[in-house]
Every structure is written in structure tokens, then in C-alpha cells.
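Q: Just so we're aligned, residue 0 is where the sequence shown starts under numbering that gives the first Met the number 0, counting upward by one.
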Amino acid sequence: MIEIENLTVKYKGRNGETTAISNLNIDIENGEIYTFIGPSGCGKSTLLHVLSGILKDYTGKVSINGKAINPRTQRIGLIPQNYGLLPWKNVLGNIILGVRIKDRQSDIDEYSKCILEHLGISNLLDRYPRELSGGQQQRVAIARAFILKPDLLLMDEPFSALDAITREEIQALFLDIWNRNKVTTIFITHSVDEALYLGSKIAVFSPAPGRILKILPNPCFKMENLRFTDEYLAMSTQLRKIVSGGWH
């Protein structure tokens, strides 16, 4: 379980102190995908930086399965907006980077091979990021995250740079692989559609300083042909009303 209690994050700048997150409270059960939707600058990415262990200057309590955040001992996967691939490493080198650091694993095992096959990138291992399309780079980033077998997966608008058709294809692929692993996931998005498609629960952020306006259980999660259902239309309307009211 991810437990966040009274989390406040402040930044000091030339014009004084800015509060990015204010008294944020949330508990996330293991095996859930929470999609966080909110306006730009509301603290969503700051929250991921706290959970990844990158940002340590905050007040409040944050824990994973009862233990304080420690990326050295916990397995935390992060997929940023720019995919986070190292340009001087080929696909294989990028994919095994996390397990090489954590487990001193120098090659792919059978589990990894299954992930690569499912993502359709097992024939790209010798290529470099510059030789890949955006969709292929995203598949590599997803493979690297799942091969790590993380306790927590953090995703910061990872599909936002993809065209609409590729985005929906990658969303479906991600969800299919997630269903096989049930990794606790926090997914940041600006898209109502993406929040509904990928989130078992949806957390709506306020404008800065960030706090949670509402948490919605998502009855549409994993529903067949979701985007064509009455339930999707109803949830989309409800979510848009909350977003519209809370952001203005």
C-alpha cells in the first residue's frame, strides 16, 4: 500500500517560497492503477518525484508497504514524458538498465523475453533510440519498467507525445501487460479519456497548490469496448464537470 499523509512540498525561488503540494492525503492499495488528472503546474509531477525518491525535501509522511521511500531497497519504476531512454545505449542496454543496477543481471531472462515478445520489440534489441519511432521508444520504456518487476510504477504523461492512433494502441498494450502483473501504478495525465481508460480509480487534482479534489472509483475500468458504452459517456460527463468546476 502507498500511504501519503499531510504531504506538503514547497520550493524556494527568487520571488520567495512557492507551495507545489499542500496537505495531500491518499492511500493506494496494492494492485491498483490510479490515474491523476489535473491542470499544468498543479503538483502532479512533484508527487511522482517524491514517490520516486528524487525529491526528499518535503513535510508529511510517505511510505510504500509501511516503509519510508528508499529507491535503493525498493523497486520503483518511472516512465517520464520523454521515455527516459539513454541515446548511447541500444534497446537491449536500455531495457536491462534497471535490473542490471538492482540485480546485476546482464542479459534478458525468460520473463523479459515474454514482455519483449508481447510488446513486439524483440527484433529491435540492437537499434538505438534515434532509430526508433515514438511508439517503439514508448514500448522500450514500458518493457524496461515491467522487467524491473517494480513494487510501484510511476508514469508521468508517458503517452502525451504520441499521435492519437498510436496512443490508443500503446494504452491497450500497456493495460494488457499490466493485467498480467498487477503492478501498483500512478499514472499522470491531462486527458479525461486516458484517465477513464487506464484508471481503476481517478484522482482529480486542484490547481496549485496541489490537493485532491475528489477520488472516483471507475466502473468503466477494463470494460469491453469502453469508449462506445453509455457508462463511459456518463463517467466522462461526470469527470468533466468535476474538472471544470475545480479548475476554474
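From the three backbone atoms N, C-alpha and C, an ideal C-beta is built for every residue, glycine too. Please read these numbers as outputs of a predicted model, since none were measured by experiment.
What residues are listed by DSSP as bridge partners for GLU4?
A: Along the sequence shown, read from residue 1 onward, the residue named residue 4 stands at position 5. Answer is LYS60.
Q: Give me the Cα-Cα distance between TYR196 and ASP125, rounded to the nearest whole angstrom.
A: Translated into positions along the sequence shown, residue 196 becomes position 197. Translated into positions along the sequence shown, residue 125 becomes position 126. Rounded to whole angstroms, TYR196 to ASP125 spans 33 Å at the Cα level.
Q: Tell whether a beta-carbon distance below 9 Å holds between GLY65 and LEU147.
A: Looking up residue 65 in the sequence shown gives position 66. Looking up residue 147 in the sequence shown gives position 148. Not a contact, by the Cβ cut-off of 9 Å.
Q: Here's the rule: buried if 16 or more other CB atoms are within 10 angstroms of the residue's CB, otherwise exposed. What is ASN43?
A: Residue mapping note: residue 43 aligns to position 44 of the sequence shown, counting from 1. Reading off the sequence shown, one finds Lys at residue 43, where the question assumed Asn. Buried, by the Cβ-count rule.
Q: Please list the segments of the alpha helix (DSSP H) lying wholly inside the region 176-242, counting only runs of 4 or more residues, in order along the chain.
A: Runs found: 191-197.
Q: For ILE164, does the count of other Cβ atoms within 10 angstroms reach 16, so buried, or fall short, so exposed?
A: Position 165 of the sequence shown, counted from the first residue, corresponds to residue 164. Exposed: under 16 other Cβ atoms inside 10 Å.
Q: Straight-line CA distance for GLN136 to GLU116?
A: Counting from 1 along the sequence shown, the entry for residue 136 is found at position 137. Counting from 1 along the sequence shown, the entry for residue 116 is found at position 117. Whole-angstrom Cα-Cα distance: 15 Å.
Q: Contact between the region 33-51 and the region 182-202 is defined here as three or more beta-carbon pairs at a separation below 8 Å; is this criterion met?
A: yes
Q: I need the boundaries of the beta strand (DSSP E) containing TYR33, first residue and last residue.
A: Here residue 33 corresponds to residue number 34 of the sequence shown, with the count starting at 1. 32-36 is the extent of the beta strand (DSSP E) around TYR33.
Q: From what residue to what residue does the alpha helix (DSSP H) around SER21 run?
A: In the sequence shown, residue 21 corresponds to position 22, counting from 1. Unbroken run through SER21 is the beta strand (DSSP E), 15-27; no alpha helix (DSSP H).
Q: Got a sec? Which residues, its chain only, sit under 6 Å from LYS181 by beta carbon, not counting five neighbours each side?
A: Along the sequence shown, read from residue 1 onward, the residue named residue 181 stands at position 182. If we look at LYS181 and ignore the five residues flanking it on each side, its Cβ neighbours are GLY30.
Q: Could I get the ranges of all uninterrupted alpha helix (DSSP H) runs contained in the region 116-165, with 4 residues as the minimum, in chain order?
A: DSSP runs (the alpha helix (DSSP H)) wholly in the region 116-165: 133-146.
Q: Output yes if chain D places a C-beta closer than 9 Å to the C-beta of PRO79; else output no.
A: Note that chain D does not occur in the displayed structure, where there is just one protein chain.
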